[in-house]
Every structure is written in structure tokens, then in C-alpha cells.
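> Numbering-wise (this note's numbering), the sequence shown opens with residue 322 and increments by one.
Note that beta-carbon positions come from the ideal geometry of N, C-alpha and C, so glycine has one too.
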Amino acid sequence: MTAHPNPLAPRFPRGGLREMAADALEDESTYRGVVIEGGRVPLRLHAVAFEGCVLRGVDLRDVDWTLVRLADVRLEGCDLSAARLADAALERAEVLGGRMLGTQLPQVTLRNVQLRGVAAPFSIWSGAQATRLRVDDCDLTDAVFTGASLPASTLRGCVLRRTDFHRATLAEADLRGSDLRGIALGLPDLADVTVEESQLPALARFLGVTVADEIGGGPAQD
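See below:
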């Protein structure tokens with residue numbers, strides 16, 4: 322198969338980033354060229370945008386943000402556990418490390434987004450619309466992607482145990498190297514998906530076949 326193009330990387334201001342405190346964020350605001358290191362952000366925000374920003378080690382647990390836009394943004398080691406981001410859009414964004422346990426991003430738009438080394442079990446991505454999405458070495462156990470559009474997405478080396486992809490569009494998705502045991506999807510959802518031979522036993526139940534050990538060679542003895 323032809324390798325999928327990598328997501329475009331975030332672009333940051335040439336003059337560098339200015340520091341900002343996490344608790345200084347406000348509603349209906351756009352933040353450009355800032356770096357936030359540590360601290361606790363407000364639990365509720367509406368109509369907030371980040372452009373050319375870095376959030377490093379920030380505590381975003383339990384936040385309930387609406388109408389959120391992240392463009393040219395990198396999140397490093399942040400904790401978004403139990404966070405809810407409604408009407409969210411991420412473009413040229415990277416999420417590196419950190420936690421997204423139970424994070425809710427329903428109907429999120431993902432363009433040129435990369436997640437790497439993120440612990441995101443039970444996260445909710447239902448109805449997500451993705452273009453150039455790459456997910457590497459992430460734990461997505463029991464995550465929900467029902468109805469998501471993920472064509473030509475790459476999910477390599479991830480834990481996808483009991484991850485729900487029912488009614489998701491996965492055409493040309495690359496799932497090689499991922500743990501697919503207990504993955505939830507329908508047979509039509511598997512069309513044009515790329516996996517490795519070693520992953521086929523985890524998908525056998527969708528094909529209506531049984532994978533058995535190889536029968537020993539040689540003729541039967543009387």
C-alpha cells in the first residue's frame with residue numbers, strides 16, 4: 322500500500338512564544354503565540370481559540386468548553402481526563418503524551434492532527450470528521466468512534482481493545498501494529514482497511530470463520 326501522507330505540522334510565530342498563566346483564559350477570546358506551562362485552566366469557557374500556541378503539562382481535567390478552535394497548537398503532557406470539548410475543531414495540531422481518560426469530543430473536526438503516546442481509554446469521538454489523522458502508540462481501549470469519518474487515517478501501534486467503530490468510515494485506514502482484540506465494528510466497516518497477517522485472528526469473528534491451529538503434516542497411521 323502507498324503510505325499515507327503525514328499530517329502537516331503546527332506553525333509557530335518566528336518571534337517565539339510569550340508566557341501566559343493557565344487561569345488567565347477568558348470567554349470569547351483568541352490567543353496567539355502563547356505558551357502555557359502547568360497550572361489549572363477555567364472549568365468553563367465558550368468561544369475560545371488558540372493559534373500558534375503550546376500547552377505543556379496543563380491541567381484540563383473536567384473542563385466543559387464549547388466552540389473551541391485549536392490551530393497550529395501542540396499539547397505536551399496535558400491531562401484532559403473527563404474533559405468535554407463541544408463544537409471543537411483542531412487543525413495542524415499535535416497531542417503528545419498526556420491523558421484523555423473519558424474525554425468527550427463529539428462531532429470534532431480533525432484536520433492534520435497527530436496523537437502520539439496518549440492514554441485515552443473510554444474517550445468519545447463519535448461523529449468525528451477527520452482528514453490526515455495519525456495516531457501512534459495510543460491507548461484507545463473502550464473508546465467510541467461510532468459514526469466517525471476516518472478515511473485514510475493511520476492508527477499504528479495502538480491499543481484498540483473493545484474500541485467501537487460501528488458505522489465509522491475507515492476506508493484505506495491503516496491499523497497495522499495495533500491490538501484489535503475485542504474491537505467492535507461491522508463487516509462493511511472493514512472494507513479497504515489495512516492490517517497485518519498476525520492481526521487476522523482478532524477479526525475472524527467478523528468474517529464468520531474460525532482460526533484453528535495448523536493440522537500436523539504426514540499421512541494418518543493405521
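Only counting the same chain, and skipping five residues up and downstream in sequence, which positions put a Cβ closer than 6 Å to that of residue 406?
386, 389 and 426
> Could you tell me whether the stretch 492-499 touches the stretch 471-479, where touching means 3 or more Cβ pairs closer than 8 Å?
yes
> Give me the residue from 362, 332, 359 and 344 with the minimum Cα distance to residue 353.
Looking at 362, 332, 359 and 344, the one whose alpha-carbon comes closest to that of residue 353 is 332.
> Have a look at 360, 469, 371 and 343 and flag the residue whose alpha-carbon is nearest the alpha-carbon of residue 415.
371
> With 16 as the cutoff for other CB atoms within 10 Å, does residue 454 come out buried or exposed?
Classification for residue 454: buried.
> Give a single yes or no on whether residue 411 has its beta carbon closer than 7 Å to a heavy atom of the ligand FAD.
You won't find the ligand FAD in this model; it holds no ligand whatsoever.
> For residue 433, report the span of its beta strand (DSSP E) as first-last.
430-437
> CA-CA distance, residue 402 and residue 472?
26 Å
> Checking contacts by CB at 8 Å: is residue 345 closer than that to chain D?
The structure shown contains no chain D, having only a single protein chain.
> Under 8 Å, with one C-beta from each stretch per pair, do the stretch 355-364 and the stretch 439-454 reach the 3-pair mark?
no
> Below 8 Å on the Cβ atoms is my contact criterion, and I expect residue 431 with residue 411 to pass it. Report the Cβ-Cβ distance as a whole number of Å.
5 Å
> Look up residue 469 in the DSSP assignment and say whether it is helix, strand or coil.
Residue 469: coil per DSSP, three-state reduction.
> Roughly how many whole angstroms lie between the Cα atoms of residue 499 and residue 351?
Residue 499 and residue 351 have their alpha carbons spaced roughly 37 Å apart.
> Measure the beta-carbon distance from residue 373 to residue 393 and round it to whole angstroms, keeping in mind my assumption that it falls under 8 Å.
5 Å
> Can you round the beta-carbon distance between residue 482 and residue 448 to whole angstroms, since I take them to be within the 8 Å contact cut?
Contact flag wrong, Cβ pair sits at about 22 Å.
> In terms of alpha-carbon separation, which member of 523, 451 and 456 lies closest to residue 490?
451
> Taking the beta strand (DSSP E) that residue 475 belongs to, which residues open and close that run?
Here the beta strand (DSSP E) through residue 475 covers 475-477.
> Consult DSSP for residue 543 and reduce its assignment to one of helix, strand or coil.
Residue placement at residue 543 cannot be trusted, given a pLDDT of 48 that sits under 50; what the coordinates show is reported in the next sentence. In this structure, DSSP gives residue 543 a state outside helix and strand, which the three-state scheme calls coil.
> Just to confirm, are residue 362 and residue 380 a CB contact at a threshold of 8 Å?
yes
> Looking at residue 364: is its Cβ nearer than 8 Å to the Cβ of residue 344?
no
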